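S.K.: Quick note on my numbering: the sequence shown kicks off at 9 and runs consecutively. Virtual Cβ for every residue (Gly too), placed ideally from N, Cα, C. Keep in mind the model is a prediction, meaning the values are calculated, not measured.
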Amino acid sequence: MTDRELGLDREITRRDFVQLAGAGIAGSALLGCGPGGSGDAGAVPGMASEPWSDALGPDWYGPGGVGDYASSHGNTPEVVRAAHWVRDGRAPSGEVADTGERFDVVIVGGGLAGLSAAHHFKRHRPNGRCLVVENHPVFGGEAKRNDIMVDGVRLAGPQGSNDFGVRPPTGEPDDYFTTLGIPREFEYAPDAGQVKAPLENYGFMHWVQDQFSIGHYFGGTRRGGRPGWSVSSGGWVSDLWGDPARAPWTPEVREGFERWRNARVTDHVPPDAPGGPDNPGPWLDGMTLKAYYEEVLGLPPEVTAYVDPILASIIGLGCDAISAWWGMHFDLPGFGLPSRYDGMTFHSFPGGNAGIARYFVKDVVPDGIAGELALGDVLNGAIDFDALDRPDEPVRLRLGCTVIDVRHTGAGDGRVRVTYVHGDRAYSVEADGVVLASGGWMNRYIAADLPDGHRAAYDHFRHGPILVANVALRNWRFLDRLGIAGCFYEGDLGFSCNIRRPMYAGDYRPVHAPDHPTMLTFYITFEAPGASPVDQGMAGRTEMLSASFTDYERRLRAQMVELFSEGGFDPAEDIGGLVLNRWGHAYVAPGPGFFFGRDGAPAPPDVIREPFGRVAIGHSELRGHQNWTGASAEGRRAVETVLDLI
């Protein structure tokens, strides 16, 4: 399609891209910090060229929207370069400057695990000294948001981490709704037009699909030319599972999907299975989900192909790489066990789980976010970056700093030295203990004292990427005409997208109606069935990182034209903005044996949880599935372990 047909010739699109991309790159440098929260950031010297490194300029990163998150959407160019620099063992030029700072605990990583660790540190030691070191310009890890202004309306969408269920009050320290002051009831915009829109971006994929207006588009081809669902004709099918006969499947494929939705794992567990016939978990953890579907249940490969991107969007890779235990854990069809999701309502803050990260920050550094402890203030208040790293606070957040080395000093006092890079200089601080709440792909390189057993266990941690694209729409009349609020498709880029009924928070009350702006969110996966899990992850990251923003913008617009032109979609008129969030190691992708171990060996996460010296590791990967509750629990366990050691 031509630039004009895709709406790429509009002056406003190009002007906003150049201005916002430049502001995003510059802002990510200015928001960093040296000792005490100040300093000039810049490119790290001596960075060797990666296959995609020449593309890491403004046309790679793209616009970031508006507000505090504009300079930190997905992995920034600086973060991508620095991570590979650490991986390759390259040291900064010049001396390491000792800041002279001493802390009870240093927490590496300011995502949800690190913020939870900081919260529990402050709970145990309200007068202690804790430093959180985070490599991105804004805290939260993947729990950040995109804000885009469209025709005077601010729209918010998730950068990655998204959706939550409300937990009942328990009074326990990990009852975060109570301890952080998160409300348990929320107000959403009412449904409008002909469609019922989901409240978040995951449940509609399967778990609560029947509650919303979801369409399936047949006739496209998956990325890379892989056949889709063995169909030759195209078109929209609504309420697919209410009447699957309308799908243009062969009789064999249709029968396979019916068996998939009705199968029970208890009918297939061997009597001598590990764990016994009444406990299928260990048996399922000994095979991939593909093997369970195709070899145990005898389902056609089209069923596996349908599940592949759904699974990859929640746990990193497809059915041939992931343990079958996770299919049961996620309540996917084919298992027939009581659902742990029955009766649960999935919620999402306007910017996804950025809202939860902000509640943690409001707790540990109250002045870090303007306003009171009310939903509207916590979600909408401006971040005071200077307040995050004040010497008189018990917990301090130091942003824009990449940790490159963590080691015990060897001085006999049990202290741990943490070295980090900000800009073109290296600094060090010391602590009585350290929590590594950073990703395992970094921990294995920065932890100088990491035991051999931990290193071997980390070999079982495979990772998959995700690209989250938030497309701001000036209106969604085309979706209303099609009668859908979300959809599945077999296309060049991605497999699903949806709009949401927005949650109201303070003065954030966008109108939810077809004639008004809204956010359309894509979770774009990069699974590549047939290759090894390691190769799939590497190939997916390379593909995601190699393309420019312009390439992705063109492909997304073309994909939307294919899907929505029947409803009158016009990319030149209907698209008001686009932000990309690239996460190279978004998910751990747990293969067989990850959860229960194999051949009598302990499960890899259990090995990683063991502290070494005065260092403990706590990140959501240890749960096998990145989610905010798992991250919070692992952060709590790690910091309490360290506090017991020091």
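In the DSSP assignment, find the alpha helix (DSSP H) that holds methionine 527 and state where it starts and stops.
M.R.: Methionine 527 -> not in any alpha helix (DSSP H); beta strand (DSSP E) instead, spanning 526-532.
S.K.: So, with DSSP's three-state summary, where would you put proline 510?
M.R.: Coil, per DSSP.
S.K.: What do you get for alanine 105, buried or exposed, if any count of 16 or more other CB atoms within 10 angstroms of its CB means buried?
M.R.: Exposed: under 16 other Cβ atoms inside 10 Å.
S.K.: Are the Cβ atoms of alanine 464 and isoleucine 616 separated by less than 8 Å?
M.R.: Their beta carbons are not under 8 Å apart, which means alanine 464 does not touch isoleucine 616 by this criterion.
S.K.: Does the distance from the C-beta atom of valine 587 to that of asparagine 506 stay below 8 Å?
M.R.: Going by C-beta atoms, valine 587 is not nearer than 8 Å to asparagine 506.
S.K.: Return the CA-CA distance between glycine 306 and aspartate 275, expressed in angstroms with no decimal places.
M.R.: Their Cα atoms are separated by approximately 13 Å.
S.K.: Among Tyr560, Leu188, Phe577 and Ala566, which residue has its Cα nearest to the Cα of leucine 383?
M.R.: That would be Leu188, whose Cα lies nearest to the Cα of leucine 383.
S.K.: Would you mind reading off the limits of the beta strand (DSSP E) that contains tryptophan 656?
M.R.: Absent from the model: residue 656. The displayed extent of the chain is 9 to 654, so no value can be given.
S.K.: With a Cβ-Cβ cutoff of 8 Å, do tyrosine 155 and glycine 75 count as a contact?
M.R.: Checking the sequence, you will find aspartate at residue 155 rather than tyrosine. For aspartate 155 and glycine 75, yes; Cβs fall inside 8 Å.
S.K.: Please list, in chain order, all residues of the same chain as aspartate 375 whose beta carbon is under 7 Å from its beta carbon, the five residues on each side excluded.
M.R.: Here the set comprises Asp392 and Ala395.
S.K.: Would you mind listing the alpha helix (DSSP H) stretches within the region 70-149 that are 4+ residues and don't spill past its ends, in chain order?
M.R.: If we require 4 residues or more, the alpha helix (DSSP H) runs fully inside the region 70-149 come out as 85-95 and 120-132.
S.K.: Taking 8 Å as the threshold, find out whether the region 330-347 comes into contact with the region 252-264 through three or more Cβ pairs.
M.R.: No, the region 330-347 is not in contact with the region 252-264.
S.K.: With H, G and I counted as helix, E and B as strand and the rest as coil, what does DSSP make of tyrosine 466?
M.R.: Helix.
S.K.: I'd like to check one pair, valine 426 with valine 443: are the Cβ atoms closer than 8 Å?
M.R.: No. Outside cutoff.
S.K.: Taking one C-beta from the region 596-610 and one from the region 108-127 each time, how about it: are there three or more such pairs within less than 8 Å?
M.R.: No: the two stretches stay apart, fewer than three of their Cβ pairs being nearer than 8 Å.
S.K.: Nearest by alpha-carbon distance to glycine 351: which of Gly211, Asp280 and Lys370 is it?
M.R.: Taking only the C-alpha atoms, the option nearest glycine 351 is Gly211.
S.K.: Find the nearest neighbour of aspartate 652 within the set His81, Asp112, Arg404 and Asp96, judged by alpha-carbon distance.
M.R.: The option with the nearest alpha carbon to aspartate 652 is Asp112.
S.K.: Rounded to whole angstroms, what is the Cα-Cα separation between histidine 627 and aspartate 559?
M.R.: The alpha-carbon atoms of histidine 627 and aspartate 559 are separated by roughly 33 Å.
S.K.: Report yes or no: do the region 283-297 and the region 324-331 share at least 3 C-beta pairs separated by less than 8 Å?
M.R.: Judged by Cβ distances under 8 Å, the region 283-297 makes contact with the region 324-331, as three or more pairs qualify.
S.K.: Just grab the DSSP bridge partners of phenylalanine 620 for me.
M.R.: DSSP, once it has assigned bridges, lists Val623 as partnering phenylalanine 620.
S.K.: Which of the three DSSP states is assigned to asparagine 154 in this structure?
M.R.: Reduced to three states, the DSSP call for asparagine 154 is strand.
S.K.: Taking the C-alpha atoms as reference points, what is the distance between glycine 165 and proline 525?
M.R.: About 13 Å.
S.K.: Does the pairing of the region 83-91 with the region 590-603 give three or more beta-carbon distances under 8 Å?
M.R.: The region 83-91 is in contact with the region 590-603.
S.K.: What alpha helix (DSSP H) runs, 4 residues minimum, are completely inside the region 291-348?
M.R.: Listed in chain order, they are 309-323 and 332-337.
S.K.: Kindly indicate which three-state DSSP category serine 540 falls into: helix, strand or coil?
M.R.: Correct three-state label for serine 540: coil.
S.K.: Helix, strand or coil for valine 174 per DSSP?
M.R.: Correct three-state label for valine 174: coil.
S.K.: Measure from the alpha carbon of phenylalanine 368 to the alpha carbon of each residue in His92, Asp183, Arg110 and Arg622, then state which is nearest.
M.R.: Comparing Cα-Cα distances from phenylalanine 368 to each of His92, Asp183, Arg110 and Arg622, the minimum goes to Asp183.
S.K.: Determine the burial state of serine 347: buried for a count of at least 16 other Cβ atoms within 10 Å of its Cβ, exposed for fewer.
M.R.: Serine 347 is exposed by the Cβ-count criterion.
S.K.: Alpha carbon to alpha carbon, what distance is there between aspartate 371 and isoleucine 190?
M.R.: Computed Cα separation, rounded: 11 Å.
S.K.: For the alpha helix (DSSP H) containing aspartate 652, name the first residue and the last one.
M.R.: Note, aspartate 652: alpha helix (DSSP H), 636-653.
S.K.: What residue from His355, Asn270 and Tyr69 has the CA that sits closest to phenylalanine 194's CA?
M.R.: Cα-wise, what sits closest to phenylalanine 194 is His355.
S.K.: Any idea if proline 358 is buried or exposed, counting beta-carbon neighbours within 10 angstroms, 16 or more meaning buried?
M.R.: Under this definition proline 358 is a buried residue.
S.K.: Suppose the cutoff is 8 Å on Cβ atoms and the five residues either side in sequence are ignored; what does the same chain contact list for valine 146 look like?
M.R.: Once the five neighbours on either side are set aside, the close Cβ partners of valine 146 are Leu39, Asp76, Tyr77, Ser79, Ser80, Lys152, Ile391 and Leu407.
S.K.: Below 8 Å, can you find three or more Cβ-Cβ pairs linking the region 281-293 to the region 421-439?
M.R.: Touching, no.
S.K.: Taking isoleucine 364 as the reference, which of Val174, Leu405 and Ala597 has the closest Cα?
M.R.: Comparing Cα positions, the closest option is Val174.
S.K.: So what does DSSP say about arginine 482, is it helix, strand or coil?
M.R.: Three-state DSSP puts arginine 482 in coil, outside helix and strand.
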